[in-house]
Amino acid sequence: MLHLHDTATGSSRPLQPREPNKVSMYVCGPTVYGPPHLGHGRFSLVFDVLRRYLRWSGFEVDYVSNITDIDDKIIQRAAEEGRSWEEIAQRCERVWYRAMDAIGVERPTRDPHATDYVEQMVEFIERLVERGAAYVAPDGVYFRPSVVADYGLLARQSIDSLRAGARVGVDEAKESPIDFALWKLAKPGEPSWPSPWGAGRPGWHTECVVRSRDLLGDCFDLHAGGQDLAFPHHENERAQAVADGADFAELWVHNGFVEVGGEKMSKSLGNFTNLLDLLDAHDPRAYRMLCLQSHYRSPIDVDSTSIGNAEAALARLDAVARRVRDHVADLPDPDPETIASFAERMDDDLDTPGAMAIVFKSVTRINSLLDAGSDLVALPLISALLSMMRAVGLVLDVDGSELPDEVVALARERDEARAAKDWTRADALRDELVAAGWVVEDSADGTRVRPG
RNA sequence: GGCGACGUGGCCGAGUGGUUAGGCAGAGGCCUGCAAAGCCUUGUACAGGGGUUCGAUUCCCCUCGUCGCCUCCA
Numbered sequence: 007m008l009h010l011h012d013t014a015t016g017s018s019r020p021l022q023p024r025e026p027n028k029v030s031m032y033v034c035g036p037t038v039y040g041p042p043h044l045g046h047g048r049f050s051l052v053f054d055v056l057r058r059y060l061r062w063s064g065f066e067v068d069y070v071s072n073i074t075d076i077d078d079k080i081i082q083r084a085a086e087e088g089r090s091w092e093e094i095a096q097r098c099e100r101v102w103y104r105a106m107d108a109i110g111v112e113r114p115t116r117d118p119h120a121t122d123y124v125e126q127m128v129e130f131i132e133r134l135v136e137r138g139a140a141y142v143a144p145d146g147v148y149f150r151p152s153v154v155a156d157y158g159l160l161a162r163q164s165i166d167s168l169r170a171g172a173r174v175g176v177d178e179a180k181e182s183p184i185d186f187a188l189w190k191l192a193k194p195g196e197p198s199w200p201s202p203w204g205a206g207r208p209g210w211h212t213e214c215v216v217r218s219r220d221l222l223g224d225c226f227d228l229h230a231g232g233q234d235l236a237f238p239h240h241e242n243e244r245a246q247a248v249a250d251g252a253d254f255a256e257l258w259v260h261n262g263f264v265e266v267g268g269e270k271m272s273k274s275l276g277n278f279t280n281l282l283d284l285l286d287a288h289d290p291r292a293y294r295m296l297c298l299q300s301h302y303r304s305p306i307d308v309d310s311t312s313i314g315n316a317e318a319a320l321a322r323l324d325a326v327a328r329r330v331r332d333h334v335a336d337l338p339d340p341d342p343e344t345i346a347s348f349a350e351r352m353d354d355d356l357d358t359p360g361a362m363a364i365v366f367k368s369v370t371r372i373n374s375l376l377d378a379g380s381d382l383v384a385l386p387l388i389s390a391l392l393s394m395m396r397a398v399g400l401v402l403d404v405d406g407s408e409l410p411d412e413v414v415a416l417a418r419e420r421d422e423a424r425a426a427k428d429w430t431r432a433d434a435l436r437d438e439l440v441a442a443g444w445v446v447e448d449s450a451d452g453t454r455v456r457p458g
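Okay, so the first sequence: first residue is 7 according to this note's numbering, each after it adds one.
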């Protein structure tokens, strides 16, 4: 059974779905006001791997991930560009999904938008006000975390220390610095929706509670997101649900940061890298490989060195995939020992680096057996390798790409030269292909060429 | 100031109270017409100082260092 590190308890806990074979998970999605950066890429990849692994393990996965399409930052961006906020949100959402598609992240089962839930949010906020968990102030409605006994659970801090540490300039309208906005009254020119307190828009933390409870119900299995969302965003979601008398998420999972030179990559530091730029410069699978080779809760440095390493590791997998391509049509059941040790690692808080170690070990064994001509013995291992690749969402390049006629001609010419043992000519032809950016390998079937 | 995480061999990066992580790069060998790919072998690793223990990289304490959260952020 899969165990995950639960932020709420600070310990590893078994994932016990409320329905036997179905996992319900909610992953906090993006606020669409700019291009996705590496941090977005990381959480998307990490939880895509989790989702695929769960499915591989036999679960159906209901994967809900939201789009926040109304927010101060969207309004600001719209003002800067002289466009409507809707236009900004829609454009950024398209860019988001294009990037996700490119890194092989599956679309969510459902992707609720904040603007589709405003009415429900208003009803919810009304209820919180009635229950005394929220109060109306001159500029909006605020939530009172002090009504939640164990507020600070996800931050792993007491409410008093949070209050003491609050550095934010105290807003006069708030009773306490840790109170947060549920409803913001609109200023002139801002988009707004009607409410009992006046036209305005919802605060960020409310949308996720309302949507997740609507789509997944109370006490769903897994709530996930980047580590920086644990507090205050997730804490505040949970506080609202608790104040409403509901059981919220059963398990909280947070992934580590992307760093640049050992420092957190963040918008306020301005050191973020656009995910699309990374994809322009590298194999789109490389980032997934990099994430797999580190633990999801550890910080990772994404730079040309680490991505380059990941690409080299990928090349090793691609090489074996090319070798076994003639065998994939009719494979036996996967080698049970390999699968068992892979699953053992994955079940241990998604230990993907350990799982990849199993993968690479099986690669070495496959290559050894193939070298020895023991293809039949290798088949269950090949089958296991492909199964593990499916579990983590890595697509191996088995090289179906078309070669230009000119290149094919050169390769044939080289085969003739080699047949005639004209090594000088054969080497010259190889040099020519290599200079043009191709990788040349000899094989039993002659010169094999692929893109470098 | 409060709370928390981390410090592993050339680089990245797991893990464990005593037995091989893995990837990349390097060295030697096999294979190859030569290469490439592949296979085999190889490398003074666990921040520093105490303590517990038959034995600690792994547990406890201290020091140093790095980073994060408490503020929009994935």
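For glycine and all other residues, C-beta sits at the position ideal for the given N, C-alpha and C.
Reference residue i, options the options, closest by Cα
{"i": "Ala179", "options": "Trp189, Ala170, Ala319", "result": "Trp189"}
{"i": "Leu409", "options": "Arg418, Val401, Leu402", "result": "Arg418"}
{"i": "Arg169", "options": "Ile184, Asp451, Ser393", "result": "Ile184"}
{"i": "Trp459", "options": "Glu132, Ala441, Glu241, Gly195", "result": "Lying before the first or after the last residue shown, residue 459 is absent from the chain, which here runs from 7 to 458."}
{"i": "Ile76", "options": "Ser90, Ala450, Ala120, Leu222", "result": "Ala120"}
{"i": "Arg162", "options": "Ala14, Leu284, Val29, Val383", "result": "Ala14"}
{"i": "Arg104", "options": "Gly158, Ala361, Val440, Leu281", "result": "Leu281"}
{"i": "Pro114", "options": "Thr279, Ala426, Leu387, Cys34", "result": "Cys34"}
{"i": "Ala346", "options": "Ala85, Leu387, Gly171", "result": "Leu387"}
{"i": "Ala143", "options": "Ser182, Arg24, Pro36", "result": "Ser182"}
{"i": "Val404", "options": "Val153, Trp444, Asp324, Cys98", "result": "Asp324"}
{"i": "Pro338", "options": "Val154, Val383, Leu285", "result": "Val383"}
{"i": "Gly16", "options": "Gly171, Leu159, Arg219", "result": "Leu159"}
{"i": "Ala139", "options": "Glu129, Val153, Phe130", "result": "Val153"}
{"i": "Pro23", "options": "Phe65, Leu298, Gly146", "result": "Phe65"}
{"i": "Tyr141", "options": "Lys28, Ala187, Pro290", "result": "Ala187"}
{"i": "Phe348", "options": "Arg328, Asp381, Ser393, Ile306", "result": "Ser393"}
{"i": "Glu125", "options": "Val215, His239, Asp307, Ser201", "result": "Ser201"}
{"i": "Leu296", "options": "Val308, Gly262, Ala155", "result": "Val308"}
Pair within 8 Å by beta-carbon distance, residue i and residue j
{"i": "Thr453", "j": "Arg420", "result": "yes"}
{"i": "Ala255", "j": "Leu134", "result": "no"}
{"i": "Tyr39", "j": "Lys79", "result": "yes"}
{"i": "Trp519", "j": "Arg294", "result": "Since the displayed the chain opens at 7 and closes at 458, residue 519 lies outside it and no answer follows."}
{"i": "Phe149", "j": "Ala252", "result": "no"}
{"i": "Ala292", "j": "His260", "result": "no"}
{"i": "Glu241", "j": "Tyr302", "result": "no"}
{"i": "Gly206", "j": "Ser198", "result": "yes"}
{"i": "Tyr32", "j": "Ser164", "result": "no"}
{"i": "Ile109", "j": "Pro290", "result": "yes"}
{"i": "Arg48", "j": "Val264", "result": "yes"}
{"i": "Val266", "j": "Phe130", "result": "no"}
{"i": "Ser389", "j": "Pro340", "result": "yes"}
{"i": "Gly268", "j": "Ser304", "result": "no"}
Secondary structure of residue i, DSSP reduced to three states
{"i": "His239", "result": "helix"}
{"i": "Asp448", "result": "strand"}
{"i": "Leu159", "result": "coil"}
{"i": "Phe348", "result": "helix"}
{"i": "Ala247", "result": "helix"}
{"i": "Arg424", "result": "helix"}
{"i": "Val404", "result": "coil"}
{"i": "Thr279", "result": "coil"}
{"i": "Glu93", "result": "helix"}
{"i": "Tyr302", "result": "coil"}
{"i": "Arg116", "result": "strand"}
{"i": "His260", "result": "strand"}
Nearest-angstrom beta carbon gap, residue j and residue i [assumed within contact, 8 Å]
{"i": "His229", "j": "Trp258", "result": "5 Å"}
{"i": "Met7", "j": "Asp353", "result": "6 Å"}
{"i": "Gly399", "j": "Asp107", "result": "In fact, because the Cβ distance is near 13 Å, the residues do not count as touching under 8 Å."}
{"i": "Leu51", "j": "Asp355", "result": "Actually they do not touch by this definition, with Cβ atoms about 17 Å apart."}
{"i": "Phe226", "j": "Ser30", "result": "4 Å"}
{"i": "Leu391", "j": "Val365", "result": "7 Å"}
{"i": "Pro26", "j": "Thr74", "result": "Not quite, the Cβ-Cβ distance comes to about 33 Å (not below 8 Å), so this is no contact."}
{"i": "Ala441", "j": "Ala432", "result": "Wrong, their Cβ atoms sit about 15 Å apart, outside the cutoff."}
{"i": "Pro359", "j": "Ser300", "result": "6 Å"}
beta-carbon residue i near the ligand ATP non-hydrogen atom, thresh 7 Å
{"i": "Trp444", "result": "Ligands in the displayed structure: none, and consequently the ligand ATP is not present."}
Query raised in the report: Are the segment 63-71 and the segment 405-422 touching, with three or more C-beta to C-beta distances below 8 Å?
Result: With a cut-off of 8 Å, the segment 405-422 and the segment 63-71 do not count as touching, because too few Cβ pairs lie within range.
Query raised in the report: Counting pairs of Cβ atoms below 8 Å between the segment 31-46 and the segment 328-344, do you hit three or more?
Result: no
Query raised in the report: Would the segment 374-385 and the segment 315-322 be scored as touching if the rule is three or more Cβ pairs under 8 Å?
Result: no
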